[in-house]
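A.B. asks:
Residue numbers (mature numbering (1 follows the signal peptide of the UniProt record, and there is no 0)): -20 to -1, 1 to 467.
1) Under 8 Å, with one C-beta from each stretch per pair, do the segment 40 to 54 and the segment 403 to 411 reach the 3-pair mark?
2) Does DSSP put residue 128 in a helix, in a strand, or in coil?
3) Give the DSSP bridge partners of residue 237, in chain order.
4) What residues match up with residue 37 in a beta bridge as DSSP calls it?
5) Starting from the Cα of residue 169, find the closest Cα among 366, 438, 186, 178 and give me that residue.
6) For the structure I just gave you, are there three or more beta carbon pairs, one from the segment 29 to 40 and one from the segment 410 to 430, closer than 8 Å?
7) Among 148, 190, 140, 413, which has the Cα closest to the Cα of residue 204?
8) May I ask you to report which of helix, strand or coil DSSP gives residue 174?
9) How would you call residue 90, buried or exposed, if buried means at least 16 neighbouring beta carbons within 10 angstroms?
10) Is it buried or exposed, residue 383, if we count other Cβ atoms within 10 angstroms and call 16 or more buried?
11) My output table needs one value for residue 451: the three-state DSSP class, helix, strand or coil.
12) Please report the distance separating the alpha-carbon of residue 181 from that of residue 174.
13) Note down, one range per segment and in chain order, each alpha helix (DSSP H) of at least 4 residues found wholly within the segment 185 to 235.
14) Based on Cα-Cα distance, which residue from 159, 446, 95 lies nearest to residue 140?
15) Answer yes if the segment 117 to 126 comes into contact with the segment 55 to 75, meaning at least three C-beta pairs across the two stretches below 8 Å, and no otherwise.
16) For residue 345 versus residue 210, is the C-beta distance shorter than 8 Å?
17) Out of curiosity, what's the CA-to-CA distance linking residue 408 and residue 343?
18) Do you know how far the Cα of residue 165 is from the Cα of residue 326?
19) Taking the alpha helix (DSSP H) that residue 78 falls in, what are its first and last residues?
20) Determine which residues share a DSSP beta bridge with residue 53 and list them.
21) Are the Cβ atoms of residue 112 and residue 171 separated by less than 8 Å?
22) Out of 64, 21, 370, state which residue places its alpha-carbon closest to the alpha-carbon of residue 92.
23) For a quick check, are the C-beta atoms of residue 192 and residue 236 less than 8 Å apart?
24) Could you check how far apart the C-beta atoms of residue 392 and residue 363 are, in whole angstroms? I think they sit under 8 Å.
25) Note down, in chain order, each residue of its chain lying with its Cβ closer than 6 Å to the Cβ of residue 286, except the 5 sequence neighbours on either side.
26) Quick test of the definition: if touching needs 3 or more C-beta pairs under 8 Å, does the segment 60 to 71 touch the segment 440 to 453?
27) Mark residue 206 as exposed unless 16 or more other C-beta atoms lie within 10 angstroms of its C-beta, in which case mark it buried.
28) Please classify residue 275: is it buried, with 16 or more other beta-carbons within 10 angstroms of its beta-carbon, or exposed?
29) Using CA atoms only, rank isn't needed, just tell me which of 30, 443, 411 is closest to residue 51.
30) Determine the direct distance from the alpha carbon of residue 146 to that of residue 137, and round the result to whole angstroms.
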């Protein structure tokens, strides 16, 4: 089954009190009256997954955040202007949306983690899996929160009361949040199955753990987690061509996807009708998201790199490149992202999006290994498959790209940028690079979030913009929380 069916009863229960910012208790159904059967457990878990489709998560805003403030995005649309120009503040709608919807996932996951252990009449193995899946999803939500806002309140119980002592929590230190994330992902890896095309697996838990540890600059732990995935967990394989990756549909390279239902506005990010076009040349483009910057196009080898070829894109054959050029200019003329093209003609596409895939894990392993020990054959063994699939020649130990740790770092960063463009990670990579340079002055990245901030904010290299402000609505309702510096 490709999609998760979300029972209305579960959503009624968990949606009514999951919004931490609204401070509403779970009132539609008392949890003690709902979590009775194995079916209830499955329904409540499905509601956690459903939270990933929210606007502030992967339906729109979080994906926009991963691209628009970076050197990749070029939209002039007013809806994303504050992101593109890095001019957000505590009243910015997208800042609120991401905070609210991440805590919605946290709250739903907390309900599963609290109440499913008490359900009888189900196998202990499946019970443990459900709890493990909920912990993965909670870890994912907290990971997005901590890398967007820094330390945030750690809510480990579902919101079931309007008691100010429960609702008003101070911010935990970022390290405390990361410790919970690592603990949750470790538990998920121990409980999840080896394979399941639409749900959390052991490989997904380790792949996300690799991303978390890379963000923390724990190179050894990141390499170990990525190595667990590459060592055979889940049997993942690179798609034979970049074209075969899209649309995302739980293919062999996929480790974890956002499963869009396509029947609500949650899927609007992926319709854009036909995200780019029914068939080239383009006649319509959604201007919020799918316009690459000139800088990104200049970074790509549009002659040899098959990911960036502007030739041979057809509708019936679904031959995808990252971008396709609309001849003749005109309405939104130029170059358009072709990754998220859908065959539908409505604004609610069921097409999935990748959260984790094998090429990403290969590049994470290569980065961690290079940072830990410099150029090696081990790094090349992970980097070359990604390059070769793109039609690029394999590197050798004598290649100039391996002349030093610095040279190889630049090559790995370039491949991440080209391989994962418009998949929602570029801003977070740029922030990682900025934090790395802050922690290690000898680290020299090609471009960081601080470079981008300086470019967009009239030459001001303001470190405060490496994280978002806490939303004003949270400041107004949580008496224990403090705003981030500079806002």
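Even for Gly, the Cβ is constructed at its ideal location relative to N, Cα and C. The structure presented is a predicted model; accordingly, all values stated were derived computationally and were not measured.
C.D. replies: Taking the coordinates as given:
1) yes
2) helix
3) The beta-bridge partner set that DSSP reports for residue 237 consists of 334.
4) Listed as beta-bridge partners of residue 37 by DSSP are no residues whatsoever.
5) Ranked by how close their Cα comes to the Cα of residue 169, the residues 366, 438, 186, 178 have 186 in first place.
6) no
7) 190
8) If DSSP states are grouped into helix, strand and coil, residue 174 belongs with coil.
9) buried
10) exposed
11) coil
12) 6 Å
13) If only uninterrupted alpha helix (DSSP H) runs of at least 4 residues are considered, those enclosed by the segment 185 to 235 are 199 to 210.
14) 95
15) As far as the Cβ criterion goes, the segment 55 to 75 does not touch the segment 117 to 126, which means the pair count is below three.
16) yes
17) 15 Å
18) The predicted model places residue 326 with a pLDDT of 48, which falls under 50 and marks its position as unreliable, so this point remains unresolved.
19) 73 to 95
20) 272
21) yes
22) 21
23) no
24) 6 Å
25) 222, 370, 371
26) yes
27) By the neighbour-count rule (16 or more Cβ atoms within 10 Å), residue 206 is buried.
28) The residue in question, residue 275, is exposed, as its Cβ has fewer than 16 Cβ neighbours within 10 Å.
29) 411
30) 9 Å
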